[in-house]
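A.B. asks:
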Amino acid sequence: MSLLFLSGVLRAQTSGTTISGYIYDNQGPMIGVNVTEVDAANRYVAYAVSDVNGNFSFKIQNPKNRIRVACVGYQVQFLPIKGTSYKVRMVETTTLKEIVVTTKARSESSGLAIPQRELSGATQKIDASEFAGLGINTIDEALQGRIAGLDIVYNSGNLGSGTSMRMRGAASINSSSEPLIVVDGNVWEAKTTGFDFNSANDEKFAQLLNVNPDDIQSITVLKDAASTAIWGSQGANGVIEIKIKRGSRGSTRVTYSYKASGTYQPNGVKMMNGDQYTMLLKEEYFNPRLNDAASDIVELNYDPSFSEYEMFNNNTDWVDAVKQLGMRHNHNLSLSGGGEKANFRISAGYDKEFGSIIAQSLDRFTTRVALDYFVSDRIKIVTNYNMTYTNNNKNYSFNNQDILSMAYQKMPNMSIYEQDMNGNSTGEYYQVQSSASTELDDQKRLVNPIALAYQAKNNTNTINISPEFQLKYNFLGLTNEESQLIYEGKIAFNVFNDYNSSFLPSSMTTSGWNSSNVNAKNTSSNKSQASTTTHTLTFVPRFTNTDHSFMMLVRGQMTSGTSNSQSNSVYGLPNIPSTNVPGTISGFSTGVSQWRSMYFTSSAHYAYKGKYIMDFTSRVDATTKFGPSRRWGFFPAFSLKWIMSDEEFMKSQKVISTLGLRPSWGIVGNQPGSEYLFFSRYTSGPSYNGEGSIYPNNIRLSNLRWEQVEKWNMGLDLGLFDERITGDVNLYTGNTTDLLMNNPSLPSSSGFSSLNVQNTGSMNNTGWELNLQANKLTLARNLTADINVSFANNRNMLTSMDQTILNSMNGEFSRSNGTYLTRIQLNSALGSIYGFNYDGVYQYSKYSPEEVVGVSGPNAPVVRNDAGKVIYLKNGEPKPMYFSYGTTAAYEFVGGDAKYRDINHDGNINELDIVYLGSSLPKITGGFGLRLNYGRLSMNNQFNFRAGNKVVNMGRMNAENMYSNSNQCMSVAWRWRVEGDNTTIPRALRQYGYNYLGSDRFVEDGSFIRLNYTQFSYSIDPKLLKTIGLSQLSLNVSLNNLFILTKYSGNDPEVRYGDYGISTDSNQTPRSKSFTAGITASF
Amino acid sequence: MNHILMKMKHNFKYTVLSVALVAGLSSCEDFFNVLPLNEIVLESYYTEENDITSVINSCYTGLATTATATNANPTGAVNLMAAWGEMRSDNIVAGTSLTEDETQILKENIMPTTRYSNWSPLYTVINRCNTVMHYAPIVNLKDPNYTDSELLADLAEVKALRALCYFYLIRAFRDVPFVTEPSIDDAQNYRVAATPFNDILTYLINDLEAVKEDAVRRYPKVLDNTSRITRYSIYALLADLYLWKQDYPKCIEYCDKVIDFKKELYEEEIALKGNNTDLELFKEIPLISEHPIGSTRSGNVATKIFGVGNSFESIFELNYEQNQSSSNSFIWNYYNGASGSIGFFSVPPFLVENIASGVNKVFKITDCRHLEYIEKPGSSSTQYAITKYTRTSVTFDSPLASATTLPTVTSIRQTAGYANWIIYRLTDIMLMKAEAEIQVGKSMINDSVASNVTLKPYLQKAFTLVSAVYNRANNKTNLSADTLKYSDFGGSATTMEDLVMLERQRELLFEGKRWFDLVRKARREGNNVYLSSNVIRKQTSNTGAIQIKLTSIDGLYFPYSESELKNNPELKQNPAYDTDKTSTQSE
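In order, the protein sequence lines correspond to chains Z and H. If you read the first sequence in the numbering used here, its first letter stands for residue 392, the second for the next number, and so on. If you read the second sequence in the numbering used here, its first letter stands for residue 897, the second for the next number, and so on.
(1) Buried or exposed for residue 1296 (chain H), going by 16 or more other Cβ atoms inside 10 Å?
(2) Across the stretch 969-979 of chain H and the stretch 1392-1405 of chain H, are there enough close Cβ pairs to call them in contact, namely three or more that are closer than 8 Å?
(3) Measuring only the C-alpha atoms, how far is residue 394 (chain Z) from residue 416 (chain Z)?
(4) Can you pull the chain Z neighbours of residue 927 (chain H), defined as C-beta to C-beta under 7 Å?
(5) Have a look at residue 1250 (chain H) and residue 1427 (chain H) and give me their C-alpha separation to the nearest angstrom.
(6) Are the stretch 1377-1387 of chain H and the stretch 1347-1357 of chain H touching by the rule of at least three beta carbon pairs closer than 8 Å?
(7) Strictly under 8 Å for the Cβ-Cβ distance: is residue 337 (chain Z) near chain H by that measure?
(8) Between which two residues does the alpha helix (DSSP H) carrying residue 1047 (chain H) extend?
(9) Quick check: what's the CA-CA separation for residue 756 (chain Z) versus residue 858 (chain Z)?
(10) Which complete beta strand (DSSP E) runs does the stretch 627-693 of chain Z hold, if anything under 3 residues is left out?
(11) Give the DSSP-derived three-state secondary structure of residue 1296 (chain Z) in the structure shown.
(12) Give me the residue from Z:1394, Z:1313 and Z:1374 with the minimum Cα distance to residue 1400 (chain Z).
(13) For residue 1340 (chain H), count neighbouring Cβ atoms within 10 angstroms of its own Cβ and tell me buried if that reaches 16, exposed if not.
(14) Closer than 8 Å, CB to CB, is residue 1354 (chain Z) near chain H or not?
(15) Pull up the distance between the alpha-carbon of residue 879 (chain Z) and that of residue 1055 (chain Z), whole angstroms please.
(16) Check whether the Cβ atoms of residue 925 (chain Z) and residue 948 (chain Z) lie closer than 8 Å to each other.
(17) If we count the other Cβ atoms within 10 Å of its Cβ and call it buried at 16 or more, is residue 1442 (chain Z) buried or exposed?
(18) Bridge partners of residue 734 (chain Z), per DSSP?
(19) Rounded to a whole number of angstroms, what is the C-alpha to C-alpha distance between residue 1462 (chain H) and residue 1452 (chain H)?
(20) Is the stretch 1055-1068 of chain H touching the stretch 1107-1114 of chain Z, taking contact as three or more C-beta pairs under 8 Å?
(21) Cα-Cα, which of H:1431, H:1404 and H:1038 is closest to residue 943 (chain H)?
(22) Does the CB of residue 1207 (chain H) have a neighbour CB from chain Z at under 8 Å?
(23) Return the bridge partner residues of residue 1102 (chain Z) from the DSSP annotation.
(24) Under 8 Å: do the stretch 871-890 of chain Z and the stretch 825-832 of chain Z share three or more Cβ pairs, one atom per stretch?
(25) Looking only at its own chain, which residues have a Cβ that is under 6 Å from the Cβ of residue 1428 (chain Z), when we skip the five neighbours before and after it?
(26) In chain Z, which residues lie less than 7 Å from residue 1197 (chain H) when you measure between Cβ atoms?
(27) Taking 8 Å as the threshold (beta carbon to beta carbon), is residue 1203 (chain Z) in contact with chain H?
(28) For residue 1431 (chain H) and residue 1066 (chain H), I'd like the C-alpha separation in whole angstroms.
(29) Is the stretch 1204-1213 of chain Z touching the stretch 1370-1389 of chain Z in the sense that three or more CB pairs, one from each, lie closer than 8 Å?
(30) Check the DSSP bridge columns for residue 998 (chain Z) and list the partner residues they point to.
(31) Please classify residue 1201 (chain H) as buried or exposed, where buried requires at least 16 other C-beta atoms within 10 Å of its C-beta.
(32) Once you ignore the five residues that flank residue 659 (chain Z) on each side, which residues in its own chain have a CB closer than 6 Å to its CB?
(33) Just the C-alpha distance for residue 514 (chain Z) and residue 577 (chain Z), rounded to the nearest angstrom, thanks.
(34) Residues of chain Z with CB closer than 7 Å to the CB of residue 1465 (chain H), please, in chain order.
(35) What residues in its chain sit with their C-beta under 6 Å from that of residue 1022 (chain H), if we drop five residues either side in the sequence?
(36) Buried or exposed: which applies to residue 920 (chain H), given that a residue is buried once 16 or more other Cβ atoms fall within 10 Å of its Cβ?
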């Protein structure tokens, strides 16, 4: 209870009258107490602070207002304006009794604030505190295996390369399948000119690098159409909503955390050393022509009279030479707090990382300011500001190859450094001379990876700034007991700039000054600015009958943005010691782009008795990507929920605490990736006889329509044993129609090779997801455990497509080694791999029914019928086995050659023997985790897995094909060498034969279980800390990617989807392993 | 409940307000009216004459495209025009660094996957021509400065360019999709069946006959007279079309128009300047002399026609200029570039060997042309390089009949591929006329008069034209005696036809003409005997199989490309290539 004493004469006041007063508590006068005049909306109109004697005075604005007296730690008092003199006694709040406030946990999505238990869409939320202290750079690393149905795959282990994500399978052929990322209600999209997701480089996927994991409060993943509906066409691939931490009322809290990590590369396959390599190559050159002269290559001969002898007599482990122990430091400082008028949170993070491959480093600086200012009870102003700067020093990508993959190919008898006549290193990097034997041309094109790493430069830096301003106004009631009508207006800007520059010094090439690889410099920059204005009106009526609850929202949004880019490439820049070679501009381009979109969405939620729930959302989208007649898309969604556990008949049992059933239906859309499609555009070309030319550049797309996905979802929410175990199951199916396809070919008699985009067919994705959690299971005294498990399965199928387009996408069998037939077929999934069946190696050239050791045997290249009987020709000889007989590629197999299964027994290995070898799409993805808490110590383990997917191990293919001068792996030591050798590795044949046709030999099972991280954390007893002025101190140790269980023979089975969904592992840098130690302290 | 409804109404009002706010002051359609910033859209194009001129220029640049990468697919239009007209003939054998596609074609093993079957560069030009035809009349209505006669001249120009493209296509593929509408919208049908050779040929002739007099006779810019379509280049094209249509009197008529124009030009020049040191009359026809007046050294023809370009003899050629970004990389890659090494293409030895000893059946020692067009890059080289187009200037001592060694050639190479690509020049027209004269003569033969009597005037006319061309190349003047003797060739129409064919081969070597000449002859005669017996001369292995392949009349044309067949289900593959793909092993 507060007490107030009024003194002075009561008389009518007018504005401008000065009032004064005295403020005290039971210890005497109080200094620094805020005295404000507030209007009916509790807006401050006049203000004073009590002085050292507890006195204050100010002029009032309106006698109808009230006076508010407040001080931290004391109760707030309101006084009517009556008289000019006041005497106020403040009462400490600590004398108050504890008040219990009950409130329903509400969803933190960008739509309606629906109570968590009434959510009828398929969503999954994870609190970021679960990831505290982990050695991660982006939040997706921690999400791996946690969200059922969200398949996250690392692009590569290079710094800043990000991940590729698929929510419930790919619903599109070649438009983006990446889910939408929404940060605090703003679409997070670093848009640049002409961005094509299929050819996108790693950075494009790494947009999450712009969000510091330490700033994240929680992550909600929206999966079905009902929950993504408010995002309309943008949310067709699912939505990941990230909520950023904000300040909260209370004293200012400073938190500092530091993490140090060491990273290292896993051991890959064992490669040959120089001695083994030269022996192999000699054989490789000899075999095709059975000619000693063919294998007489001076670089392989160890001939001391050869001028470069010292550089070719080594045993260099190139792979080892490009690996190193990487380091990462993450510093993060945050400041948060708040009072009655404002809450704030300010954070800054700095990361410095050195890669586990040499000469890579990444710096990142992030800062974020979140401010909530309460102008009055009705008006709230929210501003956010954040900036991220990254500076990524990457390896130069020479011929689009990682330096690790180059190291795998580099000839191991060559030295890294040039050596003098005694074999001592001179410290100069050695490159294969252009004068070296012509047979070594492929090695000449492969520059010294160590030299490339240290001497060439490839730098990207990006800066992302996104300020935001928001205003909230309550028109009607302020509490849940009244009807509410809330307006929210928001304007958000996003500025994203990136600059790339790379330089390839002349020391990388030995092929003359006018080569385009001499002092080649590339620079490019992209700048984009976008602004989004959003208006939202939320209406929550209060019914007298509390069985009904209802809320609805309408929202309109406009986005407009521009981007521009420029790039130029120059080679032969001066500083080369040649006299008159000028720099040559080899490429120069600029691009400008502009986009606008608009949408209106309305969403309604109705609940009867809190257990029969109905949601309806509709969204109307419009974009500049379609012509006027097709511009608007309408996307409705509808969902229901029945919370069965609230029914009377369920109340009697104690096992099931929550049981909810939620069916949902909705349509989402997808728009093409580029602008101006519905215009016939004219571009300027080269001049003719000095006059400029302009020509039509495309066919305008007036028929292009929205790609639509109709999604059904049936969900079940489950809670057992008083929510000790919670979980949910979802069954879903989605039909994509009017599939957008980029650049479908057109008969070239039209004058164009393709349309830009076309609606071409339909696709289906069906699957299920399971997500289970056991919360705080008590195992023993003080020992509790949390367990999480998630499983998901998705089946993808192309259900219809124009036959001509299908034919044009499916290439012909090229009859060449090392390639797989890519085909898209109706009623089968994307990601299907086709090739030959590999049956080992022909043991003998000559056939005999019984083995004659060293001469002939039954395992020889002869044709057999269905029954396995050898077919004989008229002359009594067995019919020989051919490859592509009757074509220019015809080849007769001999002993030591790869043996492919002759499926149709026609004695001819050709396209008719190609069979389906499996799919790159996993049957099951998911993860599981176990967290043990013992007092203040906790241990957290998280596993993720994928099962049933096939990966084309191109890395192994290149390391086992014995076809070029690339170094090979140790397994080829088992190669076939002489008649009668019984082995599965064919003979060495340089540029000859068909020993590595695309076959199941290199298609491997990519299933794996990975211990994604294991973490120990300990927080020190706050009582102890108080003495040193800290409020929190915790220590973390974590090990990331500690082990992986897999049968896959390559570096890492986690390989991103490539063209047509096929995963091809070509020795890209695998994910590194790391160990992290961290400390977090709060004041 | 009532007050809820009230509030709902209230709410609705706000909804309307909010929507109005979002929509802003401007209307929605304005908001979405985003136009490309670095391109022009059709809706705002085609307002003035210049817009038409720029697109016409793009027809020329489209025709002048060459593939910069050696394995680019599609290749450039020039690569196709040259390769279709030359590659399969007896003028070309494999050079160095060629790709699989050329290797296989040179072995007469043509696959539908070859990039030489990708005709898109020509259809790109056709579409641009069609676009001009569609929009030029509209601009004519909009722009008062764009007069009717300018419109007609522009239409004639693009129709001629389109006809040229189709003419190349039908000679290479026989029946092709015939498109005369511009490709603008995705609602159009782009899957078009092939139209027969003769229908297209007739259409093209009628099309050009209707517009030929509308074309510009002479441009204000001298350069344009040989590197843009003029009335005379339409005549030349018509002559060629009639020759293929086997309408020989019409062919002669148009050849004469072209020849007369050049005579007129010559007389103008003489009247203006007194004389021209480069030009000389051969059989009353003005041609560039091998040795300019006042010089005894030869090579002037190669320098002026192929080195400098846009010569007096030129009728239509694609112009490349050093200061333009596009260069003629066809010459660079296929013939031989700056380094002097051999390109993709090389020369069969029978064309060059044993000239000095007089055994060579094609060139006599006095003939300047082999010195100008072919060289042996070094004494150690076993192959010959094509030097036509690759040198900016050539000089050598005029070869003498009595000599036993060839003179040394001094030349300057192109520093980059900026050689023009010649489509029609005067000697081509002269030899077309010669070919037509013989055919007219043959058609005159009847029972009442002895055939050799009927033929003689025609054979003599043909011989005179061949002789003019031959004499020029052999350093004979207008007045000196013919090197070739009429008596050697006048015996029959066949011997004279063979002479014309041989002279065309010698004169138009490597200009993308020879294979078409052979095909034309085969079409006329209804068999491939002459063609296969000539072409087989360059083959060194597998000749039996190649000879069999060459007997098929369908096999004279390229197959439709694999990807085109996939994209256009209306197209049916040429039967010569429509074999069962799954050849099985014979037993």
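From the three backbone atoms N, C-alpha and C, an ideal C-beta is built for every residue, glycine too. Please read these numbers as outputs of a predicted model, since none were measured by experiment.
C.D. replies: Looking at the coordinates:
(1) On the second sequence, position 400 is the one that residue 1296 (chain H) refers to. Exposed.
(2) Short answer: they don't touch.
(3) Counting from one through the first sequence, the residue named residue 394 (chain Z) turns up at place 3. Counting from one through the first sequence, the residue named residue 416 (chain Z) turns up at place 25. Confidence is the limiting factor: at residue 394 (chain Z) the pLDDT is only 38, short of 50, which leaves the residue's position unreliable and the question unanswerable from this model.
(4) Numbered from its first residue, the second sequence carries residue 927 (chain H) at position 31. Listed along chain Z are 987 and 989, each with a C-beta nearer than 7 Å to that of residue 927 (chain H).
(5) Working through the second sequence from its first residue, we reach residue 1250 (chain H) at position 354. Working through the second sequence from its first residue, we reach residue 1427 (chain H) at position 531. It is roughly 24 Å from the alpha-carbon of residue 1250 (chain H) to the alpha-carbon of residue 1427 (chain H).
(6) Below 8 Å, enough C-beta pairs join the stretch 1377-1387 of chain H and the stretch 1347-1357 of chain H to call them touching: three or more.
(7) Chain Z is shown only over 392 to 1474; residue 337 (chain Z) falls outside these bounds and no answer can be derived.
(8) One-based indexing of the second sequence puts residue 1047 (chain H) at position 151. Residues 1044-1069.
(9) Sequence index remark: in the first sequence, residue 756 (chain Z) carries index 365 (1-based). Sequence index remark: in the first sequence, residue 858 (chain Z) carries index 467 (1-based). Cα-Cα distance, rounded: 16 Å.
(10) List check, beta strand (DSSP E) in window: 630-635 and 641-655.
(11) Within the first sequence, residue 1296 (chain Z) is the residue found at index 905, counting from 1. The DSSP-derived three-state label of residue 1296 (chain Z) is coil.
(12) Working through the first sequence from its first residue, we reach residue 1400 (chain Z) at position 1009. Answer by Cα proximity: Z:1313.
(13) Counting from one through the second sequence, the residue named residue 1340 (chain H) turns up at place 444. Exposed, since its Cβ has fewer than 16 Cβ neighbours within 10 Å.
(14) Locating residue 1354 (chain Z) in the first sequence gives position 963, where the first residue counts as 1. No, no contact with chain H.
(15) Taking the first sequence and counting its residues from 1, the one referred to as residue 879 (chain Z) is at position 488. Taking the first sequence and counting its residues from 1, the one referred to as residue 1055 (chain Z) is at position 664. Residue 879 (chain Z) and residue 1055 (chain Z) have their alpha carbons spaced roughly 28 Å apart.
(16) Taking the first sequence and counting its residues from 1, one reaches residue 925 (chain Z) at position 534. Taking the first sequence and counting its residues from 1, one reaches residue 948 (chain Z) at position 557. Taking 8 Å as the Cβ cut-off, residue 925 (chain Z) and residue 948 (chain Z) qualify as a contacting pair.
(17) Indexing the first sequence from 1 puts residue 1442 (chain Z) at position 1051. Sixteen is the threshold: when 16 or more other Cβ atoms of the shown chains lie within 10 Å of the Cβ of residue 1442 (chain Z), as they do, the residue is buried.
(18) Reading the first sequence from its first residue, position 343 is the one you call residue 734 (chain Z). Note: residue 734 (chain Z) sits in a beta bridge opposite Z:729 and Z:763.
(19) As a first step, residue 1462 (chain H) is located in the second sequence; it is residue number 566 there, counting from the start. As a first step, residue 1452 (chain H) is located in the second sequence; it is residue number 556 there, counting from the start. Roughly 23 Å between the two C-alpha positions.
(20) Fewer than three Cβ pairs drawn from the stretch 1055-1068 of chain H and the stretch 1107-1114 of chain Z lie within less than 8 Å of each other, which leaves the two stretches out of contact.
(21) What you label residue 943 (chain H) is simply residue 47 of the second sequence in a count that begins at 1. Closest by alpha carbon: H:1038.
(22) One-based indexing of the second sequence puts residue 1207 (chain H) at position 311. Not an interface residue.
(23) Reading the first sequence from its first residue, position 711 is the one you call residue 1102 (chain Z). Paired residue(s): Z:1057 and Z:1125.
(24) No: fewer than three Cβ pairs fall under 8 Å.
(25) Your numbering for residue 1428 (chain Z) matches position 1037 in the first sequence. Non-local beta-carbon contacts of residue 1428 (chain Z) in its own chain, meaning distances under 6 Å to residues more than five positions away in sequence, involve 1407 and 1468 in chain order.
(26) Within the second sequence, the letter at position 301 stands for residue 1197 (chain H). Per Cβ cutoff of 7 Å: no residues; residue 1197 (chain H) is ~24 Å from chain Z at best.
(27) Stepping through the first sequence from its first residue, residue 1203 (chain Z) is reached at position 812. When Cβ-Cβ separations below 8 Å define contact, residue 1203 (chain Z) makes contact with chain H.
(28) Here the question's residue 1431 (chain H) lines up with position 535 in the second sequence. Here the question's residue 1066 (chain H) lines up with position 170 in the second sequence. Their backbone Cα atoms lie some 21 Å apart in a straight line.
(29) Taking 8 Å as the limit for Cβ pairs, the verdict is that the stretch 1204-1213 of chain Z does touch the stretch 1370-1389 of chain Z.
(30) As a first step, residue 998 (chain Z) must be located in the first sequence, where it is residue number 607. Answer by DSSP bridge pairing, in chain order: Z:940 and Z:1004.
(31) On the second sequence, position 305 is the one that residue 1201 (chain H) refers to. Classification for residue 1201 (chain H): buried.
(32) Within the first sequence, numbered from 1, the residue matching residue 659 (chain Z) stands at position 268. Sequence-distant Cβ neighbours of residue 659 (chain Z) in its own chain, meaning closer than 6 Å and more than five residues away, are 1442.
(33) One-based indexing of the first sequence puts residue 514 (chain Z) at position 123. One-based indexing of the first sequence puts residue 577 (chain Z) at position 186. Taking the Cα positions, residue 514 (chain Z) is about 18 Å away from residue 577 (chain Z).
(34) Reading the second sequence from its first residue, position 569 is the one you call residue 1465 (chain H). Chain-ordered, the chain Z residues with CB closer than 7 Å to the CB of residue 1465 (chain H) read 1195.
(35) As a first step, residue 1022 (chain H) must be located in the second sequence, where it is residue number 126. Cβ within range, chain order: 1058 and 1061.
(36) Counting from 1 along the second sequence, the entry for residue 920 (chain H) is found at position 24. For residue 920 (chain H), the predicted model reports a pLDDT of 45, less than 50, meaning its position is unreliable; a value from the coordinates is still stated below. By the 10 Å Cβ count, residue 920 (chain H) comes out exposed.
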